[in-house]
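Residues in the sequence shown are numbered from 76 upward in steps of one, following the numbering used here. Note that the Cβ used here is the ideal one computed from N, Cα and C, for glycine as well. Just so we're clear, the structure is a prediction, and the values are computed from it rather than from any experiment.
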Amino acid sequence: MSTIHAPQRISAVPAALQHPDLADRTVRPNLIDRVAIKVAVRLLLWSTRPGPTRDALRAVRGADAARSRRERAAARAFHTSAPLR
């Protein structure tokens with residue numbers, strides 16, 4: 076394609092492509108848009124929060140293991156201390 080023979084743009088912009096004046100638009104978003112924006116910001120903040128550290132995960136696993144050991148010991152003590160019938 077030769078750029079010499081390419082169609083030239085017209086200098087006048089058609090009325091259909093012109094932006095409306097600021098006076099014709101509402102300056103403030105409506106209630107639904109404001110709620111949607113607030114929800115979106117909260118979701119973005121929630122999704123980018125830092126995850127648990129390795130130390131925190133290790134502490135949770137240790138606490139779970141300790142609780143499990145205590146429960147097994149309590150169940151064993153209960154079953155061995157019951158009178159025979």
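Helix, strand or coil: which one does DSSP assign to residue i?
i           : result
residue 80  : coil
residue 123 : coil
residue 133 : helix
residue 154 : helix
residue 117 : helix
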